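Start counting the sequence shown at 1; every next residue gets the next number (this note's numbering). Here is the structure we will look at, set down as structure tokens.
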Amino acid sequence: MRKVIKAATLLTFWMLVGADSIMVKAQTPAVCGCAFVANQQPENVRVTFKGELQAIPVTAGTVVHLGDLLKVRSPVSGTLICDNITARVALSGNPRNQPVPCKPTPEEGILIGRNGRKIDGPTMGDTASFAFPIVLTPRSTNTLEKRPTLRWTSIPNAKTYKVTVRGEQESWSVNMDAVSGKPFQEITYPESCGSERSTWCAPALKNGETYKVIVEANGRSSEEENLPNMGFTLLEPEKAQRIQAIKLNISELDVNKDLRTKMLASLYANNRLNADAIQLLENDKAAQENPESIRLLGSLYLRVGLIRKAETLYLRLLEPTMVSRDTRIGQAISEQTLGEIYEGLGNKPEAIKHYVQAKSIFQFAKESSSLNTVESRLTALGTP
């Protein structure tokens with residue numbers, strides 16, 4: 001029972017990861033989700049995901065959301081952990097379709113899984129040009145790391161890079177030799193300086209203060225990217241402790257590893273720990289094969305302004321292998337996002353192509369809110 005209470009407490013902490021557009025931030029709808037526990041294979045339970053025609057068997061670790069339908073036949077076994085419910089839910093047989101047994105609360109917990117929505121992220125930038133270094137991390141993020149990894153794109157013929165971490169009160173700089181043959185360069189922020197200063201020590205980063213990474217080479221600077229809110233902030237101690245406590249609770253939940261990774265990435269994303277979430281998803285091989293995790297990673301790249309990296313991920317979601325693993329609503333979200341990306345880049349034909357594909361799926365699924373958003377973008381582009 002102690003673990004159940006922890007699970008419920010954890011889930012009510014989460015804020016919804018989702019806005020139907022990165023251009024127009026919609027009001028957060030009431031939404032919730034449930035996950036089948038990992039150590040018990042459900043029997044005689046099938047789910048029809050919203051926007052789908054056929055019911056499929058439920059497996060251990062499956063995530064369902066409000067709007068999906070469950071069909072349960074006797075004898076039945078299946079136990080769920082649900083948002084905003086203080087005890088596990090055991091299913092009972094019922095010949096009719098049942099709604100997902102969670103309690104929707106606006107702007108509260110959602111399990112990130114099938115049919116998940118995009119996170120908000122209004123920052124759009126075109127990083128196709130490599131004439132100047134582009135900071136990859138940390139940028140537009142909070143962080144738990146007192147010694148974050150500083151990473152940026154390599155540029156042709158650069159022999160050295162000057163790296164500066166500029167703070168509100170003091171700054172630190174170092175010149176470093178380029179590592180040839182790598183698409184990016186990186187260093188770790190040094191230990192704090194004691195009584196004796198050396199090249200590889202730096203002022204300790206202070207909680208709550210905002211810093212910015214600046215990289216210069218060959219007379220060019222990362223500041224040429226010229227996007228707003230490109231700094232990073234070390235999370236304040238009380239917030240960091242809260243995150244660590246929820247992270248510990250996640251590790252104790254009876255869910256499979258893939259879902260646990262998505263839950264932790266969601267926790268980071270909801271607290272604008274973008275760099276931590278990106279690193280977690282990039283380093284998890286299973287996440288790289290899961291459409292929902294890829295979509296979350298792409299959304300995070302959009303949030304921090306790395307639009308070309310997001311574009312690559314969303315295009316991958318349209319490959320046949322990924323389409324076969326995804327839901328129709330998931331496909332529609334990917335098409336819509338690519339439409340937004342190409343509209344932001346000024347590529348009108350590609351934007352229209354992807355919006356039209358998204359519109360077709362949203363119409364079939366009767367997703368009126370998303371459909372209205374896509375139709376408004378098509379109208380703005382001069383397409384009925």
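Cβ coordinates follow ideal geometry from the N, Cα and C atoms, glycine included. All values reported here derive from a predicted model rather than from experimental measurement.
{"query": "Restricting to runs no shorter than 4 residues, where is the alpha helix (DSSP H) found entirely within the region 156 to 181?", "result": "none"}
{"query": "Identify the continuous beta strand (DSSP E) that holds ASN142 and give its terminal residues.", "result": "141 to 143"}
{"query": "I'd like the list of long-range same chain contacts for VAL179, defined as Cβ closer than 7 Å, with 5 residues on each side in sequence excluded.", "result": "GLN185"}
{"query": "Would you kindly report the start and end of the unbroken beta strand (DSSP E) that includes ARG151?", "result": "149 to 153"}
{"query": "To the nearest angstrom, report how far apart TRP172 and GLU224 are at their CA atoms.", "result": "20 Å"}
{"query": "Report, in whole angstroms, the separation of the C-beta atoms of ILE214 and THR143, which I expect to be a contact under 8 Å.", "result": "About 17 Å; that fails the 8 Å criterion."}
{"query": "Cα separation between ASN218 and LYS309?", "result": "24 Å"}
{"query": "Do CYS34 and LEU80 have their beta-carbon atoms positioned less than 8 Å apart in this structure?", "result": "yes"}
{"query": "Can you tell me where the beta strand (DSSP E) with ILE187 in it begins and where it stops?", "result": "184 to 188"}
{"query": "Alpha carbon to alpha carbon, what distance is there between ASN39 and VAL76?", "result": "15 Å"}
{"query": "Say whether the region 272 to 279 touches the region 132 to 143, bearing in mind that this needs 3 or more beta-carbon pairs closer than 8 Å, one atom from each stretch.", "result": "yes"}
{"query": "Please classify GLY208: is it buried, with 16 or more other beta-carbons within 10 angstroms of its beta-carbon, or exposed?", "result": "exposed"}
{"query": "Go through the region 235 to 280 residue by residue and report every complete run of the alpha helix (DSSP H) that reaches 4 residues or more, in order.", "result": "237 to 252, 257 to 270"}
{"query": "To the nearest angstrom, how far is it from the Cα of THR312 to the Cα of ALA87?", "result": "41 Å"}
{"query": "May I ask you to verify whether the region 55 to 72 touches the region 342 to 354, counting CB pairs closer than 8 Å and requiring at least 3?", "result": "no"}
{"query": "When the distance is taken between beta carbons, is TYR355 closer than 8 Å to LEU378?", "result": "yes"}
{"query": "Helix, strand or coil, according to DSSP, for LYS359 in the structure here?", "result": "helix"}
{"query": "Mark TRP200 as exposed unless 16 or more other C-beta atoms lie within 10 angstroms of its C-beta, in which case mark it buried.", "result": "exposed"}
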